[in-house]
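S.K.: Sharing a structure below in structure tokens format, with a few things to ask.
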Amino acid sequence: MTAQGGWGLPEDVVFDGQRLRQVGPDGGHVTFRDPAAEQAAWATFARRLQAQRLRAEAAAGVPSPDCLLMDPNPPAYRAAVDAFLDHARDSVLHGSLTQTYLGVNFFLGWAGLVEAHRPLQGARVYASGCGMAGTVLAYHAFGAAEVVGTEIDDETVQLGRLRTRGLPGVDVRLIDPARPLPFPDGHFDVVESLDVIEHVTELEPYARELGRVLAPGGVAIVGAPNRMYPVEQHTEVRWVPWLPHELGSTVASIGARLPSATAEQRERRAGVADVRTANISWRTIEQVARWMDATPQRLHRRDHPSWPLNPDPAWVEWLSRQPRGANLAPTRQVIGLLTK
């Protein structure tokens, strides 16, 4: 197999079936002179190849393997993440945070799910709350012409920019959540808001802004941890989601101070109040759709081979498909595709 340019490679880079080489002045293939440039080219190529696999396997109706050809992260970004998480090195959450900040397969799965409903090749994509830009990398890998990710924390934005540096059509921006989004009406074909709305204090203006920048005929994927699932998914504390938000945070805080609590339990329970501002159900997604002037469709794992979350039991998914069960089913997440 030979690939050049079209696989997301720079025009002067070719994959000859075994390794990446640069195209020399005489048209011949030469080895890279700059190891950092070779690393960056391999990372882009790996993401693009994985996106191609996801497309093919989704068409065949089989799940995709959780693998990449190589680490998709530039060495400078890995070093920056290590420094960023140094304060949490002894935390029980350090491993999961590291996986979140360095992983990309999870985000490729979501991009593959969107691809099943709206082709991403050439699309303009907005990722709200993009974190360390893993989702930005995923949409770029699927061939989006423009991918803009936003965050409200400057350090997170700087890390996202470091991770995506040099990728064409990619931008990671710092925004003020109290102000309108800095984009024209109807600019984006695809909008993503995953694991964001549970942190938003003023949900209506947030949703209306998503609807404003989404083009007519465009799609949005919106999702969050489900309050009907009995485990708070950011901290893995049981039963908290079934309580009103403030009461659940208070109960968890009291539990953190119990003499019988282990060090891990104390850390997880103490963190509950900091990770969300609201409990989210399918009704919330439907309300977000109304504010966006969009039509919601609930998404289910068994309809999407690239679904990146752990599966729910069969009876739970069955219940979530029933008109009267949609708000009762304890699925891990509620995920909606909203069509403008």
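Sequential numbering from 1 applies to the sequence shown in the UniProt record's numbering. We treat Cβ as the ideally placed atom computed from N, Cα and C, and that holds for glycine. In this text, all values refer to a predicted model and were calculated from it rather than measured experimentally.
1) Contact defined as beta carbons within less than 8 Å: I believe E192 pairs with S281. What is the distance between those atoms, to the nearest angstrom?
2) Which same chain residues end up closer than 7 Å to W291 when comparing Cβ atoms and leaving out the 5 residues on each side of it in sequence?
3) Here's a check: name, in chain order, each residue in its chain whose Cβ is nearer than 7 Å to the Cβ of D66, leaving out the five neighbours to either side.
4) Is there a Cβ from chain C that is less than 8 Å from the Cβ of R301?
5) Rounding to the nearest angstrom, what Cα-Cα distance links T164 and P119 in this structure?
6) DSSP three-state label for Y126, please.
7) Would the beta-carbon of I197 fall within 8 Å of that of W110?
8) Rounded to the nearest angstrom, what separates V240 and M228 at their Cα positions?
9) Under the rule that 16 or more other beta-carbon atoms within 10 Å means buried, what is N279, buried or exposed?
10) In its own chain, which residues sit with a C-beta less than 7 Å from the C-beta of A123, not counting the 5 before and 5 after it?
11) Identify the continuous alpha helix (DSSP H) that holds D82 and give its terminal residues.
12) What residue does the beta strand (DSSP E) around R173 start on, and which one ends it?
13) Return the first residue and the last residue of the alpha helix (DSSP H) that F106 is part of.
14) Do Y101 and L162 have their beta-carbon atoms positioned less than 8 Å apart in this structure?
15) Which residues mark the beginning and the end of the alpha helix (DSSP H) in which residue 401 is found?
16) Per DSSP, what kind of secondary structure is Q99 in: helix, strand or coil?
17) Leaving out five residues on either side along the sequence, give the residues of the same chain with a beta carbon under 6 Å from the beta carbon of V81.
18) Per DSSP, which one or two residues make a beta bridge with E151?
19) In terms of residues, what are the limits of the beta strand (DSSP E) holding L337?
M.R.: To lay it out plainly:
1) By one-based count along the sequence shown, residue 192 stands at place 192. By one-based count along the sequence shown, residue 281 stands at place 281. Not a contact, Cβ separation roughly 20 Å.
2) Taking the sequence shown and counting its residues from 1, one reaches residue 291 at position 291. Answer for W291: E204, A207, R208, G211, listed in chain order.
3) For the purposes of this step, residue 66 is identified with residue 66 of the sequence shown, where counting begins at 1. Here D66 scores only 41 on pLDDT, less than 50, and its place in the model should not be relied on; the value that follows carries that caveat. For D66, where only same-chain residues beyond five positions count, the Cβ hits under 7 Å are N105.
4) The structure shown contains no chain C; it holds only a single protein chain.
5) Position 164 of the sequence shown, counted from the start, is the residue given in the question as residue 164. Position 119 of the sequence shown, counted from the start, is the residue given in the question as residue 119. Going from the Cα of T164 to the Cα of P119 covers about 22 Å.
6) Stepping through the sequence shown from its first residue, residue 126 is reached at position 126. Correct three-state label for Y126: strand.
7) Within the sequence shown, the letter at position 197 stands for residue 197. Within the sequence shown, the letter at position 110 stands for residue 110. No; because the gap between Cβ atoms is not below 8 Å, this pair is not in contact.
8) Numbered from 1 along the sequence shown, position 240 holds the residue referred to as residue 240. Numbered from 1 along the sequence shown, position 228 holds the residue referred to as residue 228. C-alpha separation (whole angstroms): 10 Å.
9) If you number the sequence shown from 1, residue 279 lands on position 279. The residue is buried, with at least 16 neighbouring Cβ atoms inside 10 Å.
10) Within the sequence shown, the letter at position 123 stands for residue 123. Around A123: A144, A145, D189, V190.
11) Within the sequence shown, residue 82 is the residue found at index 82, counting from 1. Residues 75-84.
12) Taking the first residue of the sequence shown as 1, we reach residue 173 at position 173. Per DSSP, R173 belongs to the beta strand (DSSP E) from 170-174.
13) Residue mapping note: residue 106 aligns to position 106 of the sequence shown, counting from 1. From DSSP, the alpha helix (DSSP H) with F106 extends over 105-115.
14) Counting from 1 along the sequence shown, the entry for residue 162 is found at position 162. Counting from 1 along the sequence shown, the entry for residue 101 is found at position 101. Their beta carbons are not under 8 Å apart, which means L162 does not touch Y101 by this criterion.
15) What is shown of the chain runs 1 to 340, which leaves residue 401 out entirely.
16) Position 99 of the sequence shown, counting from 1, holds the residue named residue 99. It is helical.
17) Mapped onto the sequence shown, residue 81 falls at position 81. These residues qualify, in order along the chain: Y101.
18) By one-based count along the sequence shown, residue 151 stands at place 151. L174, per the DSSP bridge assignment.
19) Position 337 of the sequence shown, counted from the first residue, corresponds to residue 337. Where L337 is concerned, the enclosing beta strand (DSSP E) stretches over 333-339.
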